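K.L.:
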Amino acid sequence: MFKINALNNLFVQFFDSINKFVYNIVPDKNYSYGLAIIILTIIIKTLLVPFSIKQIKSSVLMNALQPELKKLQTKLKSDPQKLQQETMKLYKEKNVNPFGGCLLLIIQYPILIALYYVFYSLHIKGIGFLWIHDLSQKATFSNWTTWILPIVSGATTYLSGILTMPPSSDPAQRKQTTTMNIGMSIFLLWMSWNFSAALVLYWTVSNLFQMAQSKIIITAVTAKLEAEKNSVEDSSNIISQNIDNKKNKKNKKK
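Numbering-wise, the sequence shown is residues 1 to 254 according to the UniProt record's numbering.
(1) For T177, is the classification buried or exposed, using 16 other Cβ atoms within 10 angstroms of its Cβ as the cut-off for buried?
(2) Q213 by DSSP, collapsed to three states: which one?
(3) Does N143 come out as helix, strand or coil in the three-state DSSP assignment?
(4) When DSSP labels each residue in this structure, what does F195 get in the three-state scheme?
(5) Can you tell me whether DSSP reads I132 as helix, strand or coil?
(6) For F11, which of helix, strand or coil comes out of DSSP?
(7) How long is the line joining the alpha carbons of G120 and F14, rounded to whole angstroms?
(8) Leaving out five residues on either side along the sequence, give the residues of the same chain with a beta carbon under 8 Å from the beta carbon of T87.
(9) Excluding the 5 residues flanking P150 on each side, which residues of the same chain have their C-beta closer than 7 Å to its C-beta?
(10) Where does Q81 land, buried or exposed, given buried means 16+ other C-beta within 10 angstroms?
(11) Measure the C-alpha to C-alpha separation of M211 and S52 and round it to an integer number of angstroms.
(12) Looking only at its chain, what residues have a beta carbon closer than 6 Å to the beta carbon of T146, apart from the 5 residues adjacent to it on each side?
(13) If you follow the alpha helix (DSSP H) that V49 is in, where does it begin and where does it stop?
(14) Taking only beta-carbon atoms, is I42 less than 7 Å away from chain D?
(15) Could you tell me the distance, in whole angstroms, from the CA atom of Y109 to the CA atom of T204?
(16) Between the alpha carbons of Y197 and D134, how many angstroms are there, rounded?
(17) Just the C-alpha distance for I148 and V26, rounded to the nearest angstrom, thanks.
(18) Are A36 and N19 close, meaning C-beta to C-beta below 7 Å?
(19) Using the beta-carbon count (16 or more within 10 Å), is S17 buried or exposed?
(20) In terms of residues, what are the limits of the alpha helix (DSSP H) holding S153?
(21) Among the residues of its own chain, which have a CB less than 7 Å from the CB of Y33, if the five just before and after it don't count?
(22) Exposed or buried, T74, counting other C-beta atoms within 10 Å across all chains shown (16 or more means buried)?
(23) Check D16 in the structure and name its three-state DSSP category.
(24) In terms of alpha-carbon separation, which member of G154, Q213, S206 and K89 lies closest to I44?
(25) Check for me: the alpha helix (DSSP H) holding K92 runs from which residue to which?
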């Protein structure tokens with residue numbers, strides 16, 4: 001409990017410092033709080049970039065291994081124990097951690113809980129941002145403008161999921177990933193409807209940041225893998241060519 005309270009208090013103090021800094025530049029609470037939330041989100045996401053790289057790299061590598069995993073599954077379908085051993089051996093050879101993406105999810109949940117406490121403790125009732133009339137309020141059916149942020153939150157969650165998970169060559173895995181992504185988006189839409197606009201604003205900006213970040217990381221990792229693949233192919237071609245040349249020389253001598 002002490003550790004949780006300490007984390008919550010740390011976030012409260014950190015956000016308060018950011019808000020004071022923003023307020024000195026934009027002395028209007030109806031802008032400073034919203035801008036402070038956006039800046040806080042960018043800082044948190046920037047600190048989590050190493051974990052995001054690890055998660056996305058793991059996803060790209062796992063996707064690249066699908067053809068080989070498929071062969072193993074076909075070859076050893078009658079021997080589950082051997083299949084598991086060979087699968088783990090393949091992961092080790094290719095330096096792939098199948099659970100590499102879990103750490104980011106584990107880290108994000110305590111942060112989300114801490115931010116819930118932060119926005120609850122700030123007493124921001126009546127303070128708005130852009131079209132948001134009150135950052136402390138949840139969405140209501142009676143006011144359609146409060147629907148916008150939860151809907152955007154759900155939509156960006158879905159798009160972020162698509163960009164974070166590279167397209168798979170396996171139709172079954174593609175279907176499973178799409179189903180999970182839709183389910184998570186609906187769940188986050190429901191959560192966004194029941195949480196304060198301040199927390200939903202954080203999650204939405206976080207998704208937008210993640211979308212841009214994922215695009216950059218996936219492009220870089222895919223290009224690196226392609227370059228490594230081409231390098232291996234070139235080396236194989238050179239070796240084959242050298243072998244052929246040696247054979248030709250021997251034949252000429254004969």
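Ideal Cβ positions, reconstructed from N, Cα and C, are used throughout, including at glycine.
Just so it is clear, the structure is predicted and the values come from calculations on it, not from any experiment.
P.N.:
The structure says:
(1) By 1-based counting over the sequence shown, the position of residue 177 is 177. Its Cβ being crowded by 16 or more others within 10 Å, T177 is buried.
(2) The residue given as residue 213 occupies position 213 in the sequence shown. Helix, per DSSP.
(3) Here the question's residue 143 lines up with position 143 in the sequence shown. Strand, per DSSP.
(4) As a working mapping, residue 195 is identified with position 195 in the sequence shown. In the structure shown, F195 sits in coil (DSSP, three-state: anything other than H, G, I, E or B).
(5) Translated into the one-based positions of the sequence shown, residue 132 becomes position 132. Looking at I132 - three-state DSSP - the assignment turns out to be strand.
(6) Counted from its first residue, the sequence shown places residue 11 at position 11. Three-state result, F11: helix.
(7) Against the sequence shown, residue 120 aligns to sequence position 120. Against the sequence shown, residue 14 aligns to sequence position 14. Here residue 120 is Tyr; the residue named in the question, Gly, does not match the sequence. Approximately 15 Å, taken between the alpha carbons.
(8) By 1-based counting over the sequence shown, the position of residue 87 is 87. Excluding sequence neighbours, T87 sits near L69 and L72.
(9) By 1-based counting over the sequence shown, the position of residue 150 is 150. Within the same chain, P150 has close Cβ partners A139, L189, S192, W193 and V200.
(10) Here residue 81 refers to the residue found at position 81 of the sequence shown. By the 10 Å Cβ count, Q81 comes out exposed.
(11) As a first step, residue 211 is located in the sequence shown; it is residue number 211 there, counting from the start. As a first step, residue 52 is located in the sequence shown; it is residue number 52 there, counting from the start. Looking at the two C-alpha atoms, the distance is approximately 11 Å.
(12) In the sequence shown, residue 146 corresponds to position 146, counting from 1. Cβ neighbours of T146 beyond the five flanking positions: A139 and T140.
(13) As a working note, residue 49 is residue 49 in the sequence shown. Per DSSP, V49 belongs to the alpha helix (DSSP H) from V49 to A64.
(14) This model lacks chain D altogether; it includes just one protein chain.
(15) Against the sequence shown, residue 109 aligns to sequence position 109. Against the sequence shown, residue 204 aligns to sequence position 204. Rounded to the nearest angstrom, the two C-alpha atoms are 15 Å apart.
(16) Residue numbering aside, residue 197 sits at position 197 when the sequence shown is read from its first letter. Residue numbering aside, residue 134 sits at position 134 when the sequence shown is read from its first letter. Contrary to the premise, residue 197 reads as Ala rather than Tyr in this sequence. Cα-Cα distance, rounded: 7 Å.
(17) Residue 148 sits at position 148 when you count from the first residue of the sequence shown. Residue 26 sits at position 26 when you count from the first residue of the sequence shown. Cα-Cα distance, rounded: 25 Å.
(18) In the sequence shown, counting from the first residue as 1, residue 36 sits at position 36. In the sequence shown, counting from the first residue as 1, residue 19 sits at position 19. Cβ distance < 7 Å, so A36 and N19 count as in contact.
(19) Here residue 17 is taken as the residue at index 17 of the sequence shown, counted from 1. Counting the other CB atoms within 10 Å of its CB gives S17 a total below 16, which places it among the exposed residues.
(20) Counting from 1 along the sequence shown, the entry for residue 153 is found at position 153. Element bounds for S153: I148 to T164.
(21) Within the sequence shown, the letter at position 33 stands for residue 33. Within the same chain, Y33 has close Cβ partners N19, I124, I127, F129 and L135.
(22) The residue labelled residue 74 in the question sits at position 74 within the sequence shown. Label assigned to T74: exposed.
(23) Numbered from its first residue, the sequence shown carries residue 16 at position 16. If DSSP states are grouped into helix, strand and coil, D16 belongs with the helices.
(24) Along the sequence shown, one-based indexing puts residue 44 at 44. Answer by Cα proximity: S206.
(25) Translated into positions along the sequence shown, residue 92 becomes position 92. Per DSSP, K92 belongs to the alpha helix (DSSP H) from P80 to E93.
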